[in-house]
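Engineer:
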Amino acid sequence: MPELDLKHEVDGFVEERVDDTPLEQPVLEKKSFFAQHPRAKWIVLAIAAVLLIAGISAWMYYHVRESTDDAQIEGYVVPIAPRVGGTVVGVAVNDNQPVKSGTVMVQLDQRDYLVSLQKAEGDLADAQANAQAARTGVPITSTTYSSQLSIAQANLMAAQREVESAEANLRQATANYNKAADDLKRYQQLIARDEISQQQYDAAATGEKAARAGVDAARAAVAHRAGAGDGLARPRRLRRRTGGDPCRCRRAGEAQCGLHDDPRAG
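Okay, structure coming up:
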């Protein structure tokens, strides 16, 4: 800083004095960046707000979303297949659940197989009746009464076979009607949600009516053949020699079929 030389003349002498006092200079005020750029503050605030909103949105998205990394593991694939075909009505296991040999995994609709079983039982009864009729058809030459007894027994067995066949047809028709009625109820729900066409619903309704008519016809056939069987003469001695009441045997067969009809069986 330049020094100011002051010279005074005192008594013929020149006095030279150096003044060390600094001269006052104007102080320049330094302004901040935001003071120099007023818009920068609003830009920074806007960027901070955008980053804050983006961070909150990302946190909310990944907070409820579970992500997994792609990986490979070594395992064994065991294909399974049922021995018989059918409609699946229930799955007894969950995904990734350990199972053992003999574990029930899938349940199939057994109504069709129950109908087949009833038909097979009816065929077996017919075969047994035919065998019995064949045995009783051997000519009996001992006495006239024995011959008449054999003929009456054969007629009774034939009538019994017709009744059992009609009852088997009735059971099959009843099972078909139950299935058609269930299908119609299910189609009513589907058509209410417009998931099937009207043609499909009409076909189901027609099938239900046809099955109902089949049940009525089968019942009429059973009543007719049972009435025809009641008209046959059945002496007490005939029941004693045949080993029991045929009607009682028929009721026992019906009870057995009813056991198979129980959904808890099998």
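Heads up: the sequence shown begins at 0 in numbering that gives the first Met the number 0, then just goes up one per residue. Ideal placement from N, C-alpha and C gives every residue a C-beta, glycine not left out.
(1) With a 10 Å radius around its C-beta and 16 neighbouring C-beta atoms as the bar for buried, classify A254 as buried or exposed.
(2) According to DSSP, is G54 part of a helix, a strand, or is it coil?
(3) Could you give the residue range of the beta strand (DSSP E) that holds E105?
(4) What do you get for A47, buried or exposed, if any count of 16 or more other CB atoms within 10 angstroms of its CB means buried?
(5) Would you check if there are 3 or more beta carbon pairs closer than 8 Å linking the region 112 to 128 to the region 160 to 169?
(6) Since G213 and N175 should fall inside the 8 Å C-beta cutoff, what is the C-beta to C-beta distance between them, to a whole number of angstroms?
(7) Which residue comes first and which comes last in the beta strand (DSSP E) that contains G89?
(8) Among the candidates P97, A133, Q127 and Y112, whose CA atom is the shortest distance from the CA of R82?
(9) To which residues of the same chain is A217 closer than 6 Å at the C-beta, ignoring the five residues directly before and after it?
(10) Using 10 angstroms around the beta-carbon of G84, count the other beta-carbons present and answer buried if the total reaches 16, otherwise exposed.
(11) For N95, which of V87, Q109, G89 and V76 has the nearest alpha-carbon?
(12) Three Cβ pairs or more, each shorter than 8 Å: is that satisfied between the region 217 to 226 and the region 189 to 199?
(13) Would a C-beta distance cut-off of 7 Å place R110 and K184 closer than the cut-off?
(14) Measure the C-alpha to C-alpha separation of Q188 and A45 and round it to an integer number of angstroms.
(15) Taking the C-alpha atoms as reference points, what is the distance between A128 and R160?
(16) Does the separation of the CB atoms of E286 and A124 fall below 7 Å?
(17) Would you say V98 and V105 are within 7 Å of each other, going by their C-beta atoms?
(18) Return the Cβ separation of A334 and A157 in integer angstroms, given the expectation that the two are a contact with Cβ distance under 8 Å.
(19) Once DSSP output is grouped into helix, strand and coil, what is the label at S164?
(20) For H62 and L51, I'd like the C-alpha separation in whole angstroms.
(21) Use the C-beta contact count for Q152: other C-beta atoms within 10 angstroms, 16 or more gives buried, fewer gives exposed.
(22) Taking the straight line between their C-alpha atoms, what separation do you get for V221 and D122?
(23) Consult DSSP for H36 and reduce its assignment to one of helix, strand or coil.
Structural biologist: The short version:
(1) Start at 1 with the first residue of the sequence shown, and residue 254 comes out as number 255. No answer about A254 holds up, because its pLDDT of 41 lies below 50 and its placement is not dependable.
(2) Working through the sequence shown from its first residue, we reach residue 54 at position 55. Three-state DSSP puts G54 in a helix.
(3) Counting from 1 along the sequence shown, the entry for residue 105 is found at position 106. Note that residue 105 is Val in the sequence shown here, rather than Glu. Where V105 is concerned, the enclosing beta strand (DSSP E) stretches over V105 to L107.
(4) Working through the sequence shown from its first residue, we reach residue 47 at position 48. Counting Cβ neighbours within 10 Å, A47 comes out exposed, since fewer than 16 surround it.
(5) Cβ pair count under 8 Å is three or more, so yes.
(6) Position 214 of the sequence shown, counting from 1, holds the residue named residue 213. Position 176 of the sequence shown, counting from 1, holds the residue named residue 175. The Cβ separation is near 6 Å, so the contact holds.
(7) Locating residue 89 in the sequence shown gives position 90, where the first residue counts as 1. Boundaries of the beta strand (DSSP E) around G89: V87 to V90.
(8) Mapped onto the sequence shown, residue 82 falls at position 83. When P97, A133, Q127 and Y112 are compared, the shortest CA-CA separation from R82 is found for Y112.
(9) Against the sequence shown, residue 217 aligns to sequence position 218. Short of 6 Å from the beta carbon of A217, and not among the five residues preceding or following it, lie these beta carbons of its own chain, in chain order: N168, L169 and A172.
(10) Sequence index remark: in the sequence shown, residue 84 carries index 85 (1-based). G84 should be labelled exposed.
(11) Residue numbering aside, residue 95 sits at position 96 when the sequence shown is read from its first letter. The candidate whose alpha carbon is nearest that of N95 is V76.
(12) No contact exists between the region 217 to 226 and the region 189 to 199.
(13) As a working note, residue 110 is residue 111 in the sequence shown. As a working note, residue 184 is residue 185 in the sequence shown. Remark: C-beta atoms of R110 and K184 do not approach each other more closely than 7 Å.
(14) The residue labelled residue 188 in the question sits at position 189 within the sequence shown. The residue labelled residue 45 in the question sits at position 46 within the sequence shown. Our two residues, Q188 and A45, have alpha carbons roughly 56 Å apart in a direct line.
(15) As a first step, residue 128 is located in the sequence shown; it is residue number 129 there, counting from the start. As a first step, residue 160 is located in the sequence shown; it is residue number 161 there, counting from the start. Near 6 Å, if we compare the C-alpha coordinates of R160 and A128.
(16) There is no way to answer for residue 286, as the model of the chain reaches only from 0 to 265.
(17) Within the sequence shown, numbered from 1, the residue matching residue 98 stands at position 99. Within the sequence shown, numbered from 1, the residue matching residue 105 stands at position 106. Not a contact, by the Cβ cut-off of 7 Å.
(18) The question about residue 334 has no answer here: the residues shown for the chain are numbered 0 through 265.
(19) What you label residue 164 is simply residue 165 of the sequence shown in a count that begins at 1. Residue state, collapsed to three classes: helix.
(20) In the sequence shown, the residue the question calls residue 62 occupies position 63. In the sequence shown, the residue the question calls residue 51 occupies position 52. Taking the straight line from one Cα to the other gives about 16 Å.
(21) Counting from 1 along the sequence shown, the entry for residue 152 is found at position 153. So Q152 counts as buried.
(22) As a first step, residue 221 must be located in the sequence shown, where it is residue number 222. As a first step, residue 122 must be located in the sequence shown, where it is residue number 123. Here the alpha carbon of V221 sits roughly 16 Å from the alpha carbon of D122.
(23) Here the question's residue 36 lines up with position 37 in the sequence shown. DSSP places H36 in coil when its eight states are reduced to three.
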